[in-house]
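Per the working numbering, residue 1303 is the first one in the sequence shown, and the count goes up by one each step.
Note that the Cβ used here is the ideal one computed from N, Cα and C, for glycine as well.
These notes are about the structure you will find just below.
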Amino acid sequence: MESIGDLLSRLGIRVVPEPTDDPEESEQQWSCPRCRGTGWVRRHVPLGDPDFGKMFPCTCRDNELTERRKERLARLSNLGPLTRLTFDNLIADGRNPETAEHRSRFREALAAAKGFADTPLGWLVLVGPPGCGKTHLAAAIANARIANEEPALFVVVPDLLDHLRSAYAPDSQVTYDELFEAVRNSPLLILDDFGTHSATPWAMEKLFQLFNARYNSRLPTVVTTNRSLDDFDERLRVRLTDPDLTHICHVQPPQSATLQRLSAVQEVLTDLRFENFDPEGHCVREDQKASLREAFEATVHFAANPAGWLVLQGGYGCGKTHLAAAIANAQTTAQRRAMFVPVPDLLDHLRSTYAPDSRVTYDQLFEAVRTTPLLILDDLGTQSATAWAEEKLYQLFNYRYNARLATVITTNLRLDDLDPRVASRLSDQALSHIVEIGAPDFRRPDAPARSNVMRPRPQTRNRGR
1303 MESIGDLLSR LGIRVVPEPT DDPEESEQQW SCPRCRGTGW VRRHVPLGDP DFGKMFPCTC
1363 RDNELTERRK ERLARLSNLG PLTRLTFDNL IADGRNPETA EHRSRFREAL AAAKGFADTP
1423 LGWLVLVGPP GCGKTHLAAA IANARIANEE PALFVVVPDL LDHLRSAYAP DSQVTYDELF
1483 EAVRNSPLLI LDDFGTHSAT PWAMEKLFQL FNARYNSRLP TVVTTNRSLD DFDERLRVRL
1543 TDPDLTHICH VQPPQSATLQ RLSAVQEVLT DLRFENFDPE GHCVREDQKA SLREAFEATV
1603 HFAANPAGWL VLQGGYGCGK THLAAAIANA QTTAQRRAMF VPVPDLLDHL RSTYAPDSRV
1663 TYDQLFEAVR TTPLLILDDL GTQSATAWAE EKLYQLFNYR YNARLATVIT TNLRLDDLDP
1723 RVASRLSDQA LSHIVEIGAP DFRRPDAPAR SNVMRPRPQT RNRGR
């Protein structure tokens, strides 16, 4: 005959064992000493009380359900590895506490993020350059809401657009309408890296529909961007800057329009990446292919760990600018700071600061350029060779040489054709890696490749310092 215990077990009813007199045995056997693993307890009330003899869920069961709910919310949040980014492990003064104003701005943004996490109302817009801590703040908001058993959806804008496009595929497990509806009506939506997406008409229309729906419904939303809000489409800008709904935080001090342009990779270059660079491409001879492969490997290695100087030298159309821009775009993706600027444009920006209506002084602009952690100077040697231009470039190279700041230079000139003071620093093997690209002009594949023999000047190891 089946025992009562087996019968109850088969029916899903757990039996409360007799208490033991051995406290060590009890502690080792049961995960919860209150209910001894059953999940149910009786209340100690006198005979005649309505609760006498009734079973109630143990608090350990509530805790288990809470943890399960949090785990489910974390899965639905789309945070992935960003669940590690919380307010507890965030640097209070930010990643780049260069000045008192930087520290003050970050602390203000941190306070605003914590306040929003406690009570998500309206929109919070976090503006700042790559690597300033915007994503950490945004992810910390999501993780704080999940810790309070409240839902949050975290999406990177370019990834969101990719998912929406893929929903049109016949074999998609979710329809476009289902996905867009879920994002649009999320109780709390966090849009990371807004402005880094390709600005196609389709993408702009989908984003407007998303922002407009949440704007009209006043749904809590967090947006991070490294672009000036003035750069966005007017329909989006009006909603992002509505003072009745939006709180805008500049995680770092706002820059002038000139500095913002210099701090961001030009829009026409954002598609120049390592993924779409052909290391053999238009080359015919094996030595041309070898030089292009060497340049590709050198730039990929530099992008992973920017240190020292990298000089890409070769004729027009050999791929120098593509590789240099790919380094800058890789830094943007990794949320590290980089400044990409053609040398003639840089000199034009410096000249413009002398104008009476300039919003940035020469000293401010020059200081920002020469101290940036990674500077990418494209087309060195194509600028007008005036005495003023040579002096400014020498000051720039000399500062970064002495400070050992990571720098990438592209040029179609040989070292002998450059200012000797600059050439001396470029050829210092203790700091600089020169890569000669012998590939032909991809714009004119039938044209012969130019000889790219570099002739460094004789020098000692520390000459010019």
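- In this structure, the alpha-carbon of leucine 1720 lies about 48 Å from that of proline 1383.
- Residue burial is scored here from C-beta neighbours: glutamine 1731 has fewer than 16 other C-beta atoms within 10 angstroms and is therefore classed as exposed.
- No residue range can be given for phenylalanine 1744, since it is assigned to no beta strand (DSSP E) and is classified by DSSP as neither H nor E.
- Boundaries of the alpha helix (DSSP H) around aspartate 1647: 1645-1654.
- Among the bridge pairs identified by DSSP, histidine 1735 is matched with Leu1612.
- Here tyrosine 1470 has Tyr1478 as same chain residues with Cβ atoms under 8 Å from its own Cβ, once five neighbours each way along the sequence are excluded.
- CA-to-CA, the gap between histidine 1499 and phenylalanine 1576 works out to about 17 Å.
- Using a C-beta cut-off of 8 Å, the segment 1421-1433 makes contact with the segment 1628-1646, since at least three inter-stretch Cβ pairs fall below that distance.
- In the three-state scheme derived from DSSP, where H, G and I count as helix and E and B as strand, isoleucine 1393 is classed as coil.
- Contact between the segment 1436-1448 and the segment 1590-1598 is not established, with fewer than three Cβ pairs separated by less than 8 Å.
- Only residues of its own chain outside the window of five on either side were considered, and among them Ile1629, Ala1632 have a CB closer than 6 Å to the CB of alanine 1605, listed in chain order.
- For phenylalanine 1456, the enclosing beta strand (DSSP E) stretches over residues 1455-1458.
- Using a C-beta cut-off of 8 Å, the segment 1519-1533 makes no contact with the segment 1401-1412, since fewer than three inter-stretch Cβ pairs fall below that distance.
- The alpha-carbon separation between threonine 1713 and leucine 1648 amounts to approximately 15 Å.
- Per DSSP, reduced to three states, the secondary structure at histidine 1346 is coil, with no helix or strand assignment.
- Exclusion of the five residues before and after arginine 1344 leaves Gly1355, Lys1356, Met1357, Phe1358 as the residues of its chain whose Cβ lies within less than 8 Å of its Cβ.
- Bounds of the alpha helix (DSSP H) holding leucine 1439 are 1436-1449.
- Apart from sequence neighbours up to five positions away, no residue of its chain approaches aspartate 1665 with a beta-carbon distance below 8 Å.
- Contact annotation, glycine 1610 with leucine 1733: C-beta distance approximately 5 Å; criterion of less than 8 Å satisfied.
- If you draw a straight line from the Cα of isoleucine 1443 to the Cα of glutamine 1511, it is about 24 Å long.
- A straight-line Cα-Cα distance of about 12 Å links threonine 1388 and leucine 1381.
- Taking a contact as a CB-CB distance under 8 Å, the pair aspartate 1420 and valine 1458 does not count as one, their CB atoms being some 25 Å apart.
- Considering only Lys1508, Ala1440, Glu1507, the residue with the shortest C-alpha distance to valine 1429 is Ala1440.
- A Cβ-Cβ distance of about 29 Å is found for the pair aspartate 1589 and valine 1645, leaving them out of contact under the 8 Å criterion.
- Put simply, of Asn1528, Glu1536, Arg1520, Thr1527 the residue whose alpha carbon is nearest the alpha carbon of threonine 1548 is Arg1520.
- Closest in C-alpha terms to alanine 1691, from the list Arg1706, Asp1650, Leu1667, comes Asp1650.
- Burial check for tyrosine 1703: the Cβ neighbour count within 10 Å reaches 16 or more, so the residue is buried.
- Contact between threonine 1527 and phenylalanine 1496 holds: their C-beta atoms lie close to 4 Å from each other, under 8 Å.
- In terms of Cβ geometry, lysine 1508 and leucine 1466 form a close pair [threshold 8 Å].
- Here the alpha carbon of asparagine 1700 sits roughly 20 Å from the alpha carbon of glutamine 1615.
- With a threshold of 16 other beta carbon atoms within 10 Å, arginine 1541 meets it and is buried.
- DSSP places histidine 1624 in the uninterrupted alpha helix (DSSP H) bounded by 1622-1635.
- Ranked by Cα distance from aspartate 1395, the first of His1438, Asp1461, Arg1386 is His1438.
- For histidine 1404, the enclosing alpha helix (DSSP H) begins and ends at 1402-1420.
- Between valine 1485 and leucine 1463, the C-beta gap is not smaller than 8 Å, which leaves the two residues out of contact.
- Taking the C-beta atoms as reference points, valine 1613 is found nearer than 8 Å to isoleucine 1736.
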